[in-house]
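Chains as they are written, first to last, in our numbering: chain W, 2 to 177; chain F, 46 to 231.
Glycine included, each C-beta is placed from N, C-alpha and C at the ideal position.
Notes follow once the structure below has been shown.
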């Protein structure tokens, strides 16, 4: 199986991202339909982009939570205040757990960063700049999925709301 | 007939009918189902609707092949592309699912033959974490938030050209990370 003029990864990424004009996109689509090699590469681009499109990010805003619930995803909430340690057992009947990080001073235009750190190694497991939050409840929602059982279970979550304020710290010990 | 038969051979066998008809139709569906699904996913951004598209398009393609309306392989690709375009427009207009086809060949082609690549959320999180902050944000804005390159560029104070280059490299790096075997203790 070979292709005389394979489409580049760059072209296929531009196509998937909608960055090609109509004529170029049409040409790519005709080629991909005709060519097993390039449709294979396009499938890799698509699978990667789709993983990003459908992922539930570690920090979610209130609108996303509403949409997830509307899709029938069972969500368990785990409220936790700064300085606390939560011994959290992932409920068997929940698809998604949401740690509700409370006790934050959140102005309307606040810019938050959230850092997840492994207690065992100190390594940063995840970091989100400009993290979404719920201004109405004054909380940050940290989404936790069953797949995360593969990661370090015991985490410290740091939420920074500005340079002049100390970061709020939450310790979460997960049991999957 | 082998699965590697050319489009022309498959079209000829379908137009001819007879004993080789089902096998030829099955081979044609297996070949084009993943590619039409890809087209559908690109334009409809929804796995279920992409599968509906596969059924609708393959049904039209098989009907045309049975009627002998498609004779050349080049014609077939253009026919598939044109049918896919029209079906996407129709699906968007109606905003409802097409009726599932009763043809078991089509059902098999659209369902079990469809390639799936589920990504473990923990692996995705780890791989995203291995990218630089800017690269990660370009990917998230492009593919999760579905922003145009111009919008991503404005938000991150980059040029659209920079955004595209960062996106090419970051998506390749992410794919490589997702494909890499997980190291013990990693």
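For this session: Residues of the stretch 44-78 of chain W with a CB closer than 9 Å to any CB of chain F: list them in chain order, please.
Result: Residues of the stretch 44-78 of chain W with a Cβ closer than 9 Å to any Cβ of chain F, in chain order: 44, 45, 46, 47, 48, 49, 50, 51, 52, 53, 54, 55, 56, 57, 58, 59.
Exercise. With burial defined as no fewer than 16 other Cβ atoms inside 10 Å of the residue's Cβ, what is the status of residue 59(W): buried or exposed?
Worked result: Residue environment: residue 59(W) is assigned as buried (16 or more neighbouring CB atoms within 10 Å of its CB, all protein chains considered).
Exercise. If we ignore side chains and look at the alpha-carbon of each, how far apart do residue 175(W) and residue 125(W) end up?
Worked result: If I take the Cα positions, the gap works out to 16 Å.
Problem set entry | Buried versus exposed, by CB contacts within 10 Å (16 or more), residue 79(F) | With 16 or more other Cβ atoms within 10 Å, it is buried.
Problem set entry | Beta-carbon spacing of residue 133(W), residue 67(W) below 9 Å | Residue 133(W) places its beta carbon 9 Å or farther from that of residue 67(W).
Problem set entry | Selection from 31(W), 101(W), 95(W) that minimises the alpha carbon distance to residue 80(W) | Nearest to residue 80(W) by C-alpha distance, out of 31(W), 101(W), 95(W), is 101(W).
For this session: Using the Cα positions of residue 177(W) and residue 165(F), report the straight-line distance between them to the nearest angstrom.
Result: Approximately 15 Å between the Cα atoms of the pair.
Problem set entry | Straight-line gap, residue 147(W) to residue 128(F) (C-alpha atoms, nearest Å) | For residue 147(W) and residue 128(F), the gap between their C-alpha atoms comes out near 41 Å.
Exercise. Can you name, in chain order, every residue of its own chain whose Cβ lies under 8 Å from the Cβ of residue 137(W), other than the five neighbours on each side?
Worked result: The residues are 63.
Problem set entry | Between the CA atoms of residue 69(F) and residue 49(F) - distance to the nearest angstrom | C-alpha of residue 49(F) to C-alpha of residue 69(F): approximately 11 Å in a straight line.
Exercise. Counting Cβ pairs, one atom from each stretch, are 3 or more of them under 8 Å apart for the stretch 86-96 of chain F and the stretch 113-123 of chain F?
Worked result: Contact between the stretch 86-96 of chain F and the stretch 113-123 of chain F is absent: fewer than 3 CB-CB pairs across the two stretches fall below 8 Å.
Exercise. Just the Cα atoms here: how many angstroms apart are residue 62(F) and residue 102(F)?
Worked result: Going from the Cα of residue 62(F) to the Cα of residue 102(F) covers about 20 Å.
Exercise. Can at least three beta-carbon pairs, one atom from the stretch 176-183 of chain F and one from the stretch 208-225 of chain F, be found at a separation below 8 Å?
Worked result: Of all C-beta pairs linking the stretch 176-183 of chain F to the stretch 208-225 of chain F, three or more are shorter than 8 Å, placing the two stretches in contact.
Exercise. Starting from residue 33(W) and walking both ways along the alpha helix (DSSP H), at which residues does that stretch end?
Worked result: Here the alpha helix (DSSP H) through residue 33(W) covers 23-35.
Exercise. Between the C-alpha atoms of residue 77(W) and residue 140(W), what's the straight-line distance to the nearest angstrom?
Worked result: Their Cα atoms are separated by approximately 15 Å.
Exercise. Using 9 Å as the limit for Cβ to Cβ distance, is residue 142(W) near chain F?
Worked result: Not flagged as an interface residue toward chain F: residue 142(W), since no C-beta distance is shorter than 9 Å.
For this session: Please name the residue, chosen from 165(W), 172(W), 95(W), 163(W), that lies closest to residue 120(W) on a Cα-to-Cα basis.
Result: Nearest of 165(W), 172(W), 95(W), 163(W) to residue 120(W), Cα basis: 172(W).
Exercise. From which residue to which residue does the alpha helix (DSSP H) around residue 129(F) run?
Worked result: For residue 129(F), the uninterrupted alpha helix (DSSP H) run begins and ends at 118-139, by DSSP.
Exercise. How about residue 27(W): is its C-beta nearer than 9 Å to some C-beta of chain F?
Worked result: Chain F contact via Cβ: present.
For this session: Please classify residue 90(W): does DSSP put it in a helix, a strand, or coil?
Result: The answer is strand: DSSP assigns residue 90(W) an E or B state.
For this session: Taking only beta-carbon positions, decide if residue 158(F) is within less than 9 Å of chain W.
Result: A caution first: residue 158(F) carries a pLDDT of 43, below 50, which makes its placement in the model unreliable, though a value can still be read off. For residue 158(F), no CB of chain W lies under 9 Å from its own CB, so it is not counted at the interface with that chain.
Problem set entry | Alpha-carbon spacing of residue 157(F) relative to residue 66(F), whole angstroms | With a pLDDT of only 43 at residue 157(F), under 50, the local geometry of the prediction cannot be trusted, and the value read off the model is given with reservation. C-alpha of residue 157(F) to C-alpha of residue 66(F): approximately 21 Å in a straight line.
For this session: Use the C-beta contact count for residue 206(F): other C-beta atoms within 10 angstroms, 16 or more gives buried, fewer gives exposed.
Result: So residue 206(F) ends up on the exposed side.
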